[in-house]
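Enquirer: Position 55 (the sequence shown) corresponds to 55 in full-length UniProt numbering; numbering is contiguous.
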Amino acid sequence: RESTTNSNGAYIIEIMAQEESKAVYPAPSVRTEVTVILMDVNDETPTFRSKMYACEVNENAPANTPLTFLGHVVPQVFDFDQGNNGTFDMFIEDEEGIFEVTPHQG
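Given below as structure tokens:
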């Protein structure tokens with residue numbers, strides 16, 4: 001049964017072991033409870049808050065020029081997993097090596 005005092009995925013399971021004895025009635029038995037806590041698994045995919053982000057950059061801009069997104073929107077990504085399962089890295093696959101993501105800055 002799910003614990004009524006816990007909403008964090010805790011389940012209390014009652015286990016009973018009983019001897020198979022026809023000579024003794026009632027058969028000797030013992031009961032105990034085990035609490036099982038379900039931990040978060042990495043089952044959520046990181047998701048951008050918006051389907052598209054747009055920015056403009058001058059074709060003559062020097063290297064390492066920060067990009068400003070139109071509408072001053074900052075790209076945001078979230079992951080509903082908990083703990084270490086909710087962390088992720090962002091990177092851009094750019095064969096030409098023109099663009100890069102600076103960790104913790106975008």
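We treat Cβ as the ideally placed atom computed from N, Cα and C, and that holds for glycine.
Taking contact to mean at least 3 C-beta pairs separated by less than 8 angstroms, is the segment 55-74 in contact with the segment 36-43?
Expert: No: fewer than three Cβ pairs fall under 8 angstroms.
Enquirer: Measure the alpha-carbon distance for Thr65 versus Tyr11 and round it to whole angstroms.
Expert: Numbered from its first residue, the sequence shown carries residue 65 at position 65. Numbered from its first residue, the sequence shown carries residue 11 at position 11. Answer to the nearest angstrom: the Cα atoms are 53 angstroms apart.
Enquirer: Taking the alpha-carbon of Gly97 as reference, which of Ala63, Thr87 and Asn85 has the nearest alpha-carbon?
Expert: On the sequence shown, residue 97 is found 97 positions in, with the first residue counted as 1. The candidate whose alpha carbon is nearest that of Gly97 is Ala63.
Enquirer: Taking only runs that begin and end inside the segment 24-105, name each unbroken beta strand (DSSP E) of 3 or more residues, in chain order.
Expert: Correct list: 29-37.
Enquirer: Val30: which of Phe80, Glu20 and Val77 sits nearest, CA to CA?
Expert: Within the sequence shown, the letter at position 30 stands for residue 30. Here the closest residue by C-alpha is Glu20.
Enquirer: Between Pro46 and Phe88, which are expected to be in contact by the criterion C-beta below 8 angstroms, what is the C-beta distance as a whole number of angstroms?
Expert: Counting from one through the sequence shown, the residue named residue 46 turns up at place 46. Counting from one through the sequence shown, the residue named residue 88 turns up at place 88. Correct: roughly 5 angstroms between the Cβ atoms.
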